[in-house]
Amino acid sequence: MRLWKHDFRGRALIIAITMASCQAFLLLGFDQGVMSGIVGADNRFARDFNNPDAAMQGNITGLYDIGCVVGSIICYFIGERMGRRTMLMMGGFIMIIGTVILASSYTIAQLLVGRIVTGLGNGMNSSTAPVYQSECSPAEYRGALLTLQGTVTILGVVIAYWMDYGTSFTDSSYEWRLPLAFQAVFAICLILQVVGLPKVLVGWSNMTDTMKPALW
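Numbering that gives the first Met the number 0 puts the first residue of the sequence shown at 0, with every later residue one more than the last.
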């Protein structure tokens with residue numbers, strides 16, 4: 000039960016929020032990099048989808064960003080009301096759904112839908128995590144912690160590149176299904192990390208002066 004009810008306070012709480020936020024950007028980096036070693040090569044993916052031309056390869060890659068834009072817009076309208084934790088969990092669950100669609104794809108249409116859905120989840124995560132981090136971090140550490148998210152994004156890209164390289168030695172559909180399915184691992188880790196964390200920082204305007212010092 001401790002997994003679902005954390006008792007973080009002070010520095011431990013900041014570390015927990017930082018780890019969750021970095022997990023969201025690790026997932027973002029992996030998702031940004033994973034298609035680079037799959038699309039456009041003479042591999043099993045190309046044969047499974049009848050060698051998509053350059054225009055279709057662009058669609059497979061670019062529709063992900065459309066999903067990200069939509070996810071960010073959703074956060075703009077409902078993020079404050081739902082809370083940061085809820086938005087990150089929603090983004091994680093949507094990512095899992097998108098990953099299932101992608102990894103089980105047998106048609107281009109299914110693949111495109113999966114890319115949009117994963118983009119939607121990542122757009123929600125990448126729009127929420129920096130705000131959540133900045134709201135709950137002391138001013139003297141805030142810049143460094145937010146910069147760390149960018150560093151972790153690059154780490155996610157590197158992991159994706161190496162996974163694509165490792166699976167390129169097989170001639171089965173696992174060559175591309177495994178890297179696409181692996182996104183779910185990061186999404187599950189994100190959900191487990193944010194469960195039990197604060198929903199949102201208490202609004203400063205809703206507190207008395209005697210309550211404010213209690214936050215730190």
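Heads up, the beta-carbon is just placed ideally off N, CA and C, and yes, glycines get one too. As the structure is a computational prediction, the values presented were derived from the model and not from experiment.
- Remark: fewer than three beta-carbon pairs, one from each stretch, lie closer than 8 angstroms, so the region 71-87 and the region 159-169 are not flagged as touching.
- Excluding sequence positions up to five before and after C188, its CB lies within less than 6 angstroms of the CB of Q22, all in the same chain and listed in chain order.
- In terms of CA proximity to I153, L25 leads the group Y140, G113, L25.
- Taking all protein chains shown into account, A183 has 16 or more neighbouring C-beta atoms within 10 Å of its C-beta and is therefore buried.
- Contact holds between the region 28-42 and the region 170-181, because three or more Cβ pairs, one in each stretch, are under 8 angstroms apart.
- For G28, the enclosing alpha helix (DSSP H) has its first and last residue at 9-33.
- A distance below 8 angstroms between beta-carbons, with the five flanking residues on each side excluded, links L62 to the following residues of its chain, in chain order: L111, R114, I115, G118.
- Between the alpha carbons of N49 and I107 lies a gap of roughly 9 angstroms.
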